[in-house]
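K.L.:
Protein chains: 2
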Amino acid sequence: MTAKSQTRWTGEPADLLRVEKGFRLAEVDPRSTPGFDGTKKDGRADLADGVGELDELQERLYAQSRVEKDTPAVLLVLQAMDSAGKGGIVRHVIGSVDPQGVRLKAFKAPTAEERAHDFLWRIEKETPPPGFIGVFDRSHYEDVLIGRVRELAPPEEIERRYGAINDFEKRLTDAGTRVVKVMLHISPEAQKERLMERLDRPDKHWKYNPGDVDERMLWPAYMDAYQVMFERTSTASAPWHVIPADRKWYARLAVQALLLEALEDIDPQWPIADFDVAAEKERLAAT
Amino acid sequence: MTAKSQTRWTGEPADLLRVEKGFRLAEVDPRSTPGFDGTKKDGRADLADGVGELDELQERLYAQSRVEKDTPAVLLVLQAMDSAGKGGIVRHVIGSVDPQGVRLKAFKAPTAEERAHDFLWRIEKETPPPGFIGVFDRSHYEDVLIGRVRELAPPEEIERRYGAINDFEKRLTDAGTRVVKVMLHISPEAQKERLMERLDRPDKHWKYNPGDVDERMLWPAYMDAYQVMFERTSTASAPWHVIPADRKWYARLAVQALLLEALEDIDPQWPIADFDVAAEKERLAAT
Chain W
1 MTAKSQTRWT
11 GEPADLLRVE
21 KGFRLAEVDP
31 RSTPGFDGTK
41 KDGRADLADG
51 VGELDELQER
61 LYAQSRVEKD
71 TPAVLLVLQA
81 MDSAGKGGIV
91 RHVIGSVDPQ
101 GVRLKAFKAP
111 TAEERAHDFL
121 WRIEKETPPP
131 GFIGVFDRSH
141 YEDVLIGRVR
151 ELAPPEEIER
161 RYGAINDFEK
171 RLTDAGTRVV
181 KVMLHISPEA
191 QKERLMERLD
201 RPDKHWKYNP
211 GDVDERMLWP
221 AYMDAYQVMF
231 ERTSTASAPW
241 HVIPADRKWY
251 ARLAVQALLL
261 EALEDIDPQW
271 PIADFDVAAE
281 KERLAAT
Chain D
1 MTAKSQTRWT
11 GEPADLLRVE
21 KGFRLAEVDP
31 RSTPGFDGTK
41 KDGRADLADG
51 VGELDELQER
61 LYAQSRVEKD
71 TPAVLLVLQA
81 MDSAGKGGIV
91 RHVIGSVDPQ
101 GVRLKAFKAP
111 TAEERAHDFL
121 WRIEKETPPP
131 GFIGVFDRSH
141 YEDVLIGRVR
151 ELAPPEEIER
161 RYGAINDFEK
171 RLTDAGTRVV
181 KVMLHISPEA
191 QKERLMERLD
201 RPDKHWKYNP
211 GDVDERMLWP
221 AYMDAYQVMF
231 ERTSTASAPW
241 HVIPADRKWY
251 ARLAVQALLL
261 EALEDIDPQW
271 PIADFDVAAE
281 KERLAAT
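Chains as they are written, first to last, in the working numbering: chain W, 1 to 287; chain D, 1 to 287.
Pasting the structure below:
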């Protein structure tokens, strides 16, 4: 662990947060801050420190991809119950990166056209090109979460999807994409507070949807669906990470740390010029 | 002019920079800072001040569009000679806005499929939906700039395009989109310096393309093509703005000011809840 922004971590965030065999979601405390030995103030300072690192790594990745066509991409998949803080991650972690290197896609309820295709049809079209950081705000996992809880498809189709997802992600990782899957884990109490705040503030009403309470009433069924999802789709090449999210500052710092680790693992390099630098200098000087 | 960030402007930036009848590009000094009565330090401070305003206006616009389907969009069109600072605008002005409300599209040389269609085919697909800020890094104007200078199409086709562009943009503005067209105006001397810096720094080599010098040698022809473009496509509903760009801080501040004006003109409002707030509070409290 060498990154300046991560000196208060007691271990690799990816190791600490990864879903391994035997993982039980019910045992994760949404208010905890696994592996981070610091206060909220420390966390915010470290997040700010990480911005420069993430920025440089992203620019190197993008630069490399301009010359090397097989440069990896990074895909961050965000799943969570409502109000867990996906939007804040996009704004405060992804928002610090040059927008020219980011491909952000928010998946809503599928359209009629999308429903007429396999559930992965609309997903595959949005995977990031080489050198880009892709972000899925919700994803194909909705099809085994709300899909399962609301019985939007027959049980055998839901079963089929876990395998289809693993195959799809295997193709991505085989092609060099780092798939960073994150579930932001909020407590029902924190959700209640956040939804109530949306109702209390007229400038937040637009973020509130009566359907949020309907989903909230199915909390245990959703937790079951997440648990099954982890068991079936946390693979060696594309593992899940569960990030306690009652403390927003921790969740943001942890996602930034996961992205930094993925990029450091790629270790992108400034590409070597594919032209004669000295000759170009002369040519330019003559103009 | 009420916006806090704009108190050092001596007039409305949009008025000062707009291309009107009789405009001559050759008369614009790329090192000038029209209408801004302050230093580089002031400009940077004002840019930082503008971030919060732009952020809130964008969030209001997005919020309104969640409820009102006919909410306007904003489309920023960026054109310039190489190294004039389009990337810096995207990074430092657009990069300060929540990425969830931005649709950024960089247009490269058209693909074979795109060339098989009318030149506006690939453009129309990328116009921003209601409530979004769209950014075109290069645009349909390439088809009357490099298209004209390099004779990529017959003269009568280039002629036809000016009218087709005006019709296209009229459809956009009639539908409520604010089209903010910006040419960043750099001097050939400043370009030479910036290209030389790219050649001097190995971490900048990837930004250099030998083709840049080829285009540079056609500078007067490009300036002529811009002049004709301004005359033919600076319309009342979608005027051009020429922003002197030798001073990066000024160009960024001016683009931010144009975006602020477009958003203030829309004057987006937090939407009124389309549900019964009191009833929802009770329903939520009961969970």
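Where a beta carbon is used, it is the ideal one built from N, C-alpha and C, also for glycine.
What's the C-alpha gap between threonine 2 of chain D and valine 74 of chain D?
P.N.:
Taking the first residue of the second sequence as 1, we reach residue 2 of chain D at position 2. Taking the first residue of the second sequence as 1, we reach residue 74 of chain D at position 74. Note that threonine 2 of chain D has pLDDT 45, beneath the 50 cutoff, so the model's placement of it is unreliable and the number below is only indicative. Answer to the nearest angstrom: the Cα atoms are 21 Å apart.
K.L.:
Let's see if you can read the secondary structure: which residues bound the alpha helix (DSSP H) around isoleucine 146 of chain D?
P.N.:
Stepping through the second sequence from its first residue, residue 146 of chain D is reached at position 146. Residues 146-149.
K.L.:
Apart from the five residues on each side of it in sequence, which residues of its chain come closer than 8 Å, Cβ to Cβ, to valine 97 of chain D?
P.N.:
Along the second sequence, one-based indexing puts residue 97 of chain D at 97. Excluding sequence neighbours, valine 97 of chain D sits near Leu54, Asp55, Gln58 and Ile133.
K.L.:
I need the DSSP call for tryptophan 240 of chain D, collapsed to helix, strand or coil.
P.N.:
Counting from one through the second sequence, the residue named residue 240 of chain D turns up at place 240. Looking at tryptophan 240 of chain D - three-state DSSP - the assignment turns out to be strand.
K.L.:
Which partner residues of tryptophan 9 of chain D appear in the DSSP bridge assignment?
P.N.:
Locating residue 9 of chain D in the second sequence gives position 9, where the first residue counts as 1. For tryptophan 9 of chain D, which the question treats as bridged, DSSP gives the partners D/Phe36.
K.L.:
Where aspartate 70 of chain D and glutamate 264 of chain W are concerned, what is the direct C-alpha to C-alpha distance, given to the nearest angstrom?
P.N.:
Position 70 of the second sequence, counted from the start, is the residue given in the question as residue 70 of chain D. Position 264 of the first sequence, counted from the start, is the residue given in the question as residue 264 of chain W. Going by the C-alpha atoms only, they are around 44 Å apart.
K.L.:
Quick one: residues in its chain with C-beta nearer than 7 Å to the C-beta of proline 110 of chain W, no 5 flanking neighbours on either side, listed in chain order?
P.N.:
What you label residue 110 of chain W is simply residue 110 of the first sequence in a count that begins at 1. Correct list, in chain order: Arg122.
K.L.:
Please list the terminal residues of the continuous beta strand (DSSP E) segment that includes methionine 183 of chain D.
P.N.:
Within the second sequence, the letter at position 183 stands for residue 183 of chain D. Unbroken beta strand (DSSP E) run through methionine 183 of chain D: 178-185.
K.L.:
At which residues does the beta strand (DSSP E) containing phenylalanine 136 of chain D begin and terminate?
P.N.:
Taking the first residue of the second sequence as position 1, residue 136 of chain D is located at position 136. Looking at the DSSP string, the run of the beta strand (DSSP E) that includes phenylalanine 136 of chain D is 133-137.
K.L.:
Taking only beta-carbon atoms, is arginine 91 of chain W less than 8 Å away from chain D?
P.N.:
One-based indexing of the first sequence puts residue 91 of chain W at position 91. Closer than 8 Å to some Cβ of chain D, the Cβ of arginine 91 of chain W qualifies, so yes.
K.L.:
Look up alanine 153 of chain D in the DSSP assignment and say whether it is helix, strand or coil.
P.N.:
Looking up residue 153 of chain D in the second sequence gives position 153. The answer is coil: DSSP assigns alanine 153 of chain D none of H, G, I, E or B.
K.L.:
Would you call the CB atoms of leucine 258 of chain W and alanine 14 of chain W closer than 8 Å?
P.N.:
As a first step, residue 258 of chain W must be located in the first sequence, where it is residue number 258. As a first step, residue 14 of chain W must be located in the first sequence, where it is residue number 14. Result yes, Cβ atoms of leucine 258 of chain W and alanine 14 of chain W sit closer than 8 Å.
K.L.:
For chain D, is any of its Cβ atoms less than 8 Å away from the one on threonine 289 of chain W?
P.N.:
The question about residue 289 of chain W has no answer, for chain W in this structure spans 1 to 287.
K.L.:
Please list the terminal residues of the continuous alpha helix (DSSP H) segment that includes glutamine 191 of chain D.
P.N.:
Walking along the second sequence from the start, residue 191 of chain D turns up at place 191. It spans 188-200 - the alpha helix (DSSP H) in which glutamine 191 of chain D sits, taken as one unbroken run.
K.L.:
Report yes or no: do the stretch 31-49 of chain W and the stretch 242-255 of chain W share at least 3 C-beta pairs separated by less than 8 Å?
P.N.:
When C-beta atoms of the stretch 31-49 of chain W are compared with those of the stretch 242-255 of chain W, three or more pairs fall below 8 Å, so the two segments count as touching.
K.L.:
Going residue by residue through the stretch 75-132 of chain D, where are the continuous beta strand (DSSP E) segments of at least 3 residues, counting only ones entirely within it?
P.N.:
102-106
K.L.:
Would you say isoleucine 94 of chain W reaches chain D, if we count a Cβ-Cβ gap shorter than 8 Å as a contact?
P.N.:
Counting from one through the first sequence, the residue named residue 94 of chain W turns up at place 94. Closer than 8 Å to some Cβ of chain D, the Cβ of isoleucine 94 of chain W qualifies, so yes.
K.L.:
Across which residues does DSSP place arginine 60 of chain W in a beta bridge pair?
P.N.:
In the first sequence, the residue the question calls residue 60 of chain W occupies position 60. None, per the DSSP bridge assignment.
K.L.:
Any contact between the stretch 184-201 of chain W and the stretch 275-286 of chain D? By contact I mean 3 or more CB pairs, one from each, below 8 Å.
P.N.:
The stretch 184-201 of chain W makes contact with the stretch 275-286 of chain D; the number of CB pairs closer than 8 Å reaches 3 or more.
K.L.:
Return the chain-ordered list of same chain residues with a C-beta closer than 6 Å to the C-beta of valine 93 of chain W, the five sequence neighbours on each side being excluded.
P.N.:
In the first sequence, the residue the question calls residue 93 of chain W occupies position 93. Closer than 6 Å at Cβ, skipping near neighbours: Arg252, Val255 and Gln256.
K.L.:
Can you check whether the C-beta of methionine 229 of chain W is within less than 8 Å of a C-beta belonging to chain B?
P.N.:
Absent from the structure is chain B; the protein chains it does hold are W and D.
K.L.:
Name the DSSP bridge partner or partners of arginine 18 of chain W?
P.N.:
Here the question's residue 18 of chain W lines up with position 18 in the first sequence. In DSSP, arginine 18 of chain W forms a bridge with W/His241.
K.L.:
My guess is that histidine 241 of chain W and arginine 91 of chain W are in contact by the Cβ rule of under 8 Å, so how many angstroms apart are they, rounded?
P.N.:
Translated into positions along the first sequence, residue 241 of chain W becomes position 241. Translated into positions along the first sequence, residue 91 of chain W becomes position 91. Not quite, the Cβ-Cβ distance comes to about 20 Å (not below 8 Å), so this is no contact.
K.L.:
Give the C-beta separation of aspartate 82 of chain D and glutamate 215 of chain D to the nearest angstrom, bearing in mind that I take them to be a contact with Cβ-Cβ under 8 Å.
P.N.:
What you label residue 82 of chain D is simply residue 82 of the second sequence in a count that begins at 1. What you label residue 215 of chain D is simply residue 215 of the second sequence in a count that begins at 1. Contact between aspartate 82 of chain D and glutamate 215 of chain D holds, since their C-beta atoms are separated by about 6 Å, short of 8 Å.
K.L.:
Below 8 Å between beta carbons: does that hold for arginine 31 of chain W and proline 244 of chain W?
P.N.:
Here residue 31 of chain W refers to the residue found at position 31 when the first sequence is read from its first residue. Here residue 244 of chain W refers to the residue found at position 244 when the first sequence is read from its first residue. Result yes, Cβ atoms of arginine 31 of chain W and proline 244 of chain W sit closer than 8 Å.
K.L.:
Using only CA atoms, which one of D/Pro128, D/His140, D/Gly131 and D/Pro99 lies nearest to lysine 108 of chain D?
P.N.:
In the second sequence, residue 108 of chain D corresponds to position 108, counting from 1. Considering only alpha carbons, the answer is D/His140.
K.L.:
Do the stretch 165-180 of chain W and the stretch 223-239 of chain W meet, that is, are 3 or more Cβ pairs less than 8 Å apart?
P.N.:
yes
K.L.:
Would you identify the three-state DSSP class for lysine 69 of chain W, choosing helix, strand or coil?
P.N.:
What you label residue 69 of chain W is simply residue 69 of the first sequence in a count that begins at 1. Of the three classes helix, strand and coil, the one that applies to lysine 69 of chain W here is coil, per DSSP.
K.L.:
Is there a Cβ of chain D sitting closer than 8 Å to that of leucine 284 of chain W, yes or no?
P.N.:
The residue you call residue 284 of chain W lines up with position 284 of the first sequence. It does; some Cβ of chain D falls within 8 Å.
K.L.:
Out of D/Asp203, D/Ala26 and D/Gly43, point me to the one whose CA is closest to valine 277 of chain W's CA.
P.N.:
Looking up residue 277 of chain W in the first sequence gives position 277. Cα-wise, what sits closest to valine 277 of chain W is D/Asp203.
K.L.:
Between glutamate 280 of chain W and chain D, is there a C-beta pair that is closer than 8 Å?
P.N.:
Position 280 of the first sequence, counted from the first residue, corresponds to residue 280 of chain W. Yes, glutamate 280 of chain W counts as interfacial toward chain D.
K.L.:
Looking at the structure shown, is tyrosine 250 of chain D part of a helix, part of a strand, or coil, going by DSSP?
P.N.:
Position 250 of the second sequence holds residue 250 of chain D. In the structure shown, tyrosine 250 of chain D sits in a helix (DSSP, three-state: H, G or I).
K.L.:
What residues in its chain sit with their C-beta under 7 Å from that of glutamate 68 of chain D, if we drop five residues either side in the sequence?
P.N.:
Position 68 of the second sequence, counting from 1, holds the residue named residue 68 of chain D. Around glutamate 68 of chain D: Pro271.
K.L.:
Exposed or buried, what is threonine 287 of chain D when buried is set at 16 or more other beta-carbons lying within 10 Å of its beta-carbon?
P.N.:
The residue labelled residue 287 of chain D in the question sits at position 287 within the second sequence. Its Cβ having fewer than 16 others within 10 Å, threonine 287 of chain D is exposed.
K.L.:
Interface residues of chain D around leucine 218 of chain W at Cβ under 8 Å?
P.N.:
Translated into the one-based positions of the first sequence, residue 218 of chain W becomes position 218. Those within 8 Å of leucine 218 of chain W in chain D number zero; the least Cβ separation is about 11 Å.
K.L.:
Using a Cβ-Cβ cut-off of 8 Å, state whether glycine 87 of chain W counts as contacting chain D.
P.N.:
Walking along the first sequence from the start, residue 87 of chain W turns up at place 87. Residue contact with chain D for glycine 87 of chain W: present (Cβ-Cβ distance below 8 Å to some residue of chain D).
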